[in-house]
Amino acid sequence: MEQTDSLTVLCKRIMAILGRAGWRVVGFWRPLGAVCRTSPRCYSVPSEHTTEKSVPYTKTLKQDDGLRGPTKALPSSADVVVIGGGSLGCQTLYHLCKMGLTNVVLLERDRLTAGTTWHTAGLLWQLRPSDTEVELLAHTRHVVSSELQAETGLDTGWIQNGGLFIASNKQRLDEYKRLMSLGKVYGIESYVLSPAETKELYPLMNVRDLYGTLYVPKDGTMDPAGTCATLSRAATARGATVVENCPVTGIQVNPDHMGVRRVRAVETAFGTIQTPCVVNCAGVWATKLGELAGVNVPLVAMHHAYVVTERIEGIQNMPNVRDHDASVYLRLQGDALSVGGYEQNPIFWDVVSDKFAFSLFDLDWNIFMQHIDGAINRVPALEKTGIKSTVCGPESFTADHKPLLGEAPEVRGFYLGCGFNSAGCGKELAHWIIHGRPEKDMYGYDIRRFHHSITNNSRWLRERSHESYAKNYSVVFPFDEPLAGRNMRKDPLYQVLQEQGCVFQERHGWERPGWFNTDTSAPILDYDYYGAYEITKNKDYKYNELLGKEYTFDFPPHHGTIRDECLACRCSVAVFNMSYFGKFYLMGPDAKKAADWLFTADINKAPGSTVYSCMLNRRGGTESDLTVSRLQAGPTHLPLTPEWDTYYLAVGGAVAQHNWSHIQTVLQDQGFDCTMADHSEDMGMISIQGPRSRELLQEIVDADLSNEAFPFSTHKIITAAGHKVRAMRLSFVGELGWELHIPKESCVPVYQAVMSAGAKYGVRNAGYRAIDSLSIEKGYRHWHADLRPDDTPLEAGLAFTCKMKTSIPFLGREALESQKATGLHRRIVCFTIDERVPMFGLEAIYCNGVPVGHLRRAEFGYAIDKTIGYGYIRKPDGGVVTPEYIRSGEFSLERMGVVYKARAHLKSPFDPDNKRVKGIYSTE
Numbered sequence: 001m002e003q004t005d006s007l008t009v010l011c012k013r014i015m016a017i018l019g020r021a022g023w024r025v026v027g028f029w030r031p032l033g034a035v036c037r038t039s040p041r042c043y044s045v046p047s048e049h050t051t052e053k054s055v056p057y058t059k060t061l062k063q064d065d066g067l068r069g070p071t072k073a074l075p076s077s078a079d080v081v082v083i084g085g086g087s088l089g090c091q092t093l094y095h096l097c098k099m100g101l102t103n104v105v106l107l108e109r110d111r112l113t114a115g116t117t118w119h120t121a122g123l124l125w126q127l128r129p130s131d132t133e134v135e136l137l138a139h140t141r142h143v144v145s146s147e148l149q150a151e152t153g154l155d156t157g158w159i160q161n162g163g164l165f166i167a168s169n170k171q172r173l174d175e176y177k178r179l180m181s182l183g184k185v186y187g188i189e190s191y192v193l194s195p196a197e198t199k200e201l202y203p204l205m206n207v208r209d210l211y212g213t214l215y216v217p218k219d220g221t222m223d224p225a226g227t228c229a230t231l232s233r234a235a236t237a238r239g240a241t242v243v244e245n246c247p248v249t250g251i252q253v254n255p256d257h258m259g260v261r262r263v264r265a266v267e268t269a270f271g272t273i274q275t276p277c278v279v280n281c282a283g284v285w286a287t288k289l290g291e292l293a294g295v296n297v298p299l300v301a302m303h304h305a306y307v308v309t310e311r312i313e314g315i316q317n318m319p320n321v322r323d324h325d326a327s328v329y330l331r332l333q334g335d336a337l338s339v340g341g342y343e344q345n346p347i348f349w350d351v352v353s354d355k356f357a358f359s360l361f362d363l364d365w366n367i368f369m370q371h372i373d374g375a376i377n378r379v380p381a382l383e384k385t386g387i388k389s390t391v392c393g394p395e396s397f398t399a400d401h402k403p404l405l406g407e408a409p410e411v412r413g414f415y416l417g418c419g420f421n422s423a424g425c426g427k428e429l430a431h432w433i434i435h436g437r438p439e440k441d442m443y444g445y446d447i448r449r450f451h452h453s454i455t456n457n458s459r460w461l462r463e464r465s466h467e468s469y470a471k472n473y474s475v476v477f478p479f480d481e482p483l484a485g486r487n488m489r490k491d492p493l494y495q496v497l498q499e500q501g502c503v504f505q506e507r508h509g510w511e512r513p514g515w516f517n518t519d520t521s522a523p524i525l526d527y528d529y530y531g532a533y534e535i536t537k538n539k540d541y542k543y544n545e546l547l548g549k550e551y552t553f554d555f556p557p558h559h560g561t562i563r564d565e566c567l568a569c570r571c572s573v574a575v576f577n578m579s580y581f582g583k584f585y586l587m588g589p590d591a592k593k594a595a596d597w598l599f600t601a602d603i604n605k606a607p608g609s610t611v612y613s614c615m616l617n618r619r620g621g622t623e624s625d626l627t628v629s630r631l632q633a634g635p636t637h638l639p640l641t642p643e644w645d646t647y648y649l650a651v652g653g654a655v656a657q658h659n660w661s662h663i664q665t666v667l668q669d670q671g672f673d674c675t676m677a678d679h680s681e682d683m684g685m686i687s688i689q690g691p692r693s694r695e696l697l698q699e700i701v702d703a704d705l706s707n708e709a710f711p712f713s714t715h716k717i718i719t720a721a722g723h724k725v726r727a728m729r730l731s732f733v734g735e736l737g738w739e740l741h742i743p744k745e746s747c748v749p750v751y752q753a754v755m756s757a758g759a760k761y762g763v764r765n766a767g768y769r770a771i772d773s774l775s776i777e778k779g780y781r782h783w784h785a786d787l788r789p790d791d792t793p794l795e796a797g798l799a800f801t802c803k804m805k806t807s808i809p810f811l812g813r814e815a816l817e818s819q820k821a822t823g824l825h826r827r828i829v830c831f832t833i834d835e836r837v838p839m840f841g842l843e844a845i846y847c848n849g850v851p852v853g854h855l856r857r858a859e860f861g862y863a864i865d866k867t868i869g870y871g872y873i874r875k876p877d878g879g880v881v882t883p884e885y886i887r888s889g890e891f892s893l894e895r896m897g898v899v900y901k902a903r904a905h906l907k908s909p910f911d912p913d914n915k916r917v918k919g920i921y922s923t924e
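According to UniProt numbering, the sequence shown is numbered sequentially starting from 1.
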């Protein structure tokens, strides 16, 4: 024992004296256990842990009072039970109470913050490549910096020392300039600094290898433990009950009279609480808690570490630093720094211990040393600075590094609030619980962004979570695709298209065509974990090579290839494989009643009709856009025709789970006697679009495709190349065309017949990159880009989809009527610029020199030969946005700090009279 203590003291002295060399010496000092490992590490470990380490906060909520039972008596019932006393659990509790719901209980298995919150870094960076995240972070900052202190008189520990983003190359600085432009819309002060200006701001920094930096003066640091203490006190003052030392042992779930599984109660060793609503804020333990209710919670636990240095002369009052290219952050801690980062070989915590509380792992220096190297390069003074403490604790990570929120698809009343590694969303989650939907667009966090078929797939979850962790500090490029978790869902045309050079995108587990490489095929290989864990890295990986060429904020090298796909569609004919679409059937005695309530469009049409419609929430926000086809009962059974009157719904494949869950929730809440059937896997879909599409198809089908016999927005069962298909005359690209909905066994022969017949017309395969361009050029919306749950159809220019002239009630109608009466205070506008520069969304919109919004979506329009974008604008005075205001304003767009004069359009600049979808090309 004496020898071990002596070695420890000696090692600390070496670290303090020799700095960087001392840190390396630790790696070879074998008696120091885990710190001294030099053998290669596997990528997972059992649950051994230590219990005593230092963290860089003056206070935690740990109390060694010897209590083993609950700190309060459990109530017999509650409106909501929040499980987990970490950051989001306390936030959610506070906001539930603030919104008036006071019969709420928080259960914590140990003490508040005992899991992971007590040791988290607490950094708050205001600028992110997402408008929703910027708004959430602004709210979080307001709560911790002023609101809580004003309400309670307690200090939350907020420190506003600023944030500094380091750019070592042009692409990184371009990314920061994009953030700066978006920040101007939200009034977030930020500055791009030269290396010399950076040195003046941060004298201890090495700037020799810098391209520039982004400085955000009002960024800062939270004290997670102090914030949780203040939140819980504020909540209990409003009537909430916080019970510590009370592990949950079960969740009672029972079917209601319609067979819908609902939460009924929460069980503990000390009693049962009857409740209709449970909120899973259990952090790395959330998966286990979900299992108690039969809910999949797709997250994994990993080790995440930082070290706290000894005192550094001159570091006081310096901003926090994020050096993304070195994958390291430097957090100011008084007169010292906390140093951490994200590595490509994190350690998975596979066996999550229920006894882990206020505990940490031993730090693996073989893994962590890469962050030390990056930190010393950025702040050379660290080379002669010792380490005061190490912090290596568990954190939860998800497949896209974003949290899991919302009501679980499997059980009504079971809400998720987990997977967090940054500022929380307690207000939005509380609003979700009370009102059924959050106020903001939270789809990027909604559990329903993942298809149910992959949320319990361990390979997909592990691979994607690893990649999201390893790439957390990578530049966020517009067209990046994951390498992990691929080939989970493949449609019948996958192999045929791959052989023709298809470069696939991943959406909802599906492989869908992105664009077609004319040189060679680019198959997607098994995930190689970027060479970590002694896994052999993929070599000569064509798909990864093509992705790498996408890593630019300029036009990519294959810009011309996508142009050719688009112009083939505009000038002749193109074929799009859209098989990944969701294909649902709504049927039953109340199917018509349900369709009237669900869909904004009037679906009271004759069988054979198809309508484009939206689905709304109670606030009038758009939960979906889709096509609804009324079917007639026939002798052929599903998937082509039903045995009774039915509605066939075709929805974007990337949001199929969201659509399915939304419809099911509405059916359950309204008590409609009808059912849904999902035939997405049973059918493929190809779309043949362009001026020559009718001529091509007429050669392989047995039906008359003339305007008179087959008008736009109709459908019928026909025979194509000897196979029964449902043909729909629709277009998502603004051309004459048809969709063929095909049983999966017939997809390949029908596709081959189309391509063979189309050879003389110059038919071309085209992917979703072309669809993105063609659709924005025509002014068609993409859900969750320029159409989201916080946008109404009136604001989005989709009033024509709403049956406002009828007396038929529908979900969200009252909100639309109110908005129509008061006028639109926000409206979508189309913009074009003359300069040949790419835009991708998030660019600031100015009217008469004042920021009024930002682009939601932007592409290059090849037919009009211009960059085109759509964004929602507001008047600076908050007034009604009228067409006259748009016509009379002088608009400009800011891209990466450069302002371009823009032209505003009230109608699509391409085919504004909508002639082409009707087959009218004669005037051109």
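Glycine included, C-beta positions come from ideal geometry on N, C-alpha and C. Small disclaimer: the values here were computed from a predicted structure and weren't measured.
In this structure, what does DSSP give as the bridge partners for residue i?
i      : result
Cys502 : Phe516
His431 : DSSP output for His431 lists no bridge partner at all.
Tyr900 : Leu893
Thr213 : Ile166, Leu193
Gln333 : Ala336
Glu739 : Ser687, Met728
Gly271 : Thr268
Thr806 : Looking at the DSSP assignment, Thr806 forms no beta bridge with any residue, so it has no partner.
Lys866 : Gly861
Asn103 : None; Asn103 has no bridge partner.
Asp362 : For Asp362, which the question treats as bridged, DSSP gives no partner whatsoever.
Leu124 : Gly220
Ser613 : Leu626
Thr71  : Beta-bridge pairing links Thr71 to no other residue.
Starting from residue i and walking both ways along the alpha helix (DSSP H), at which residues does that stretch end?
i           : result
Leu697      : 693-698
Lys98       : 87-98
Leu483      : Run containing Leu483: none; DSSP gives neither H nor E here.
Arg769      : 768-778
Cys228      : 224-237
residue 925 : Past the boundaries of the shown model lies residue 925; the chain is included only from 1 to 924, so the question cannot be answered.
Thr822      : 813-822
Ile886      : 883-888
Gly406      : It is not in any alpha helix (DSSP H) - Gly406 instead sits in the beta strand (DSSP E) that spans 404-407.
Can you name the start and end residues of the beta strand (DSSP E) that residue i belongs to?
i      : result
Ile347 : Looking at the DSSP string, Ile347 is not in any beta strand (DSSP E), and its letter there is neither H nor E.
Cys850 : Per the sequence presented here, residue 850 reads as Val, with Cys not at that position. Its beta strand (DSSP E) spans residues 850-861.
His715 : 715-720
Tyr647 : 646-651
His508 : Element bounds for His508: n/a, residue is neither H nor E.
Tyr306 : 299-309
Asp625 : 622-631
Thr832 : 827-833
Arg322 : 320-323
Ile315 : Neither: Ile315 is in no beta strand (DSSP E) and is coded neither H nor E.
Just to check my reading of the structure: residue i and residue j have Cβ atoms closer than 8 Å, yes? What is that Cβ distance to the nearest angstrom?
i      : j      : result
Tyr445 : His784 : Actually they are not in contact, since the Cβ atoms of Tyr445 and His784 sit about 12 Å apart, beyond 8 Å.
Asn487 : Asn320 : That belief does not hold up - the Cβ atoms of Asn487 and Asn320 are roughly 40 Å apart, past 8 Å.
Phe348 : Met302 : 6 Å
Pro224 : Thr120 : 5 Å
Query - Sufficient close CB pairs (3 or more, under 8 Å) joining the stretch 385-396 to the stretch 405-413 - result: no
Requested in this report: Entirely within the stretch 562-606 and at least 3 residues each: give me those beta strand (DSSP E) ranges in chain order.
Outcome: 574-577, 582-587
Query raised in the report: Looking at C-beta atoms only, is the number of pairs between the stretch 578-596 and the stretch 514-521 that lie closer than 8 Å three or more?
Result: no
Query raised in the report: Using 8 Å as the Cβ pair cut-off and three pairs as the minimum, do the stretch 692-704 and the stretch 716-734 touch?
Result: Touching, per the Cβ criterion.
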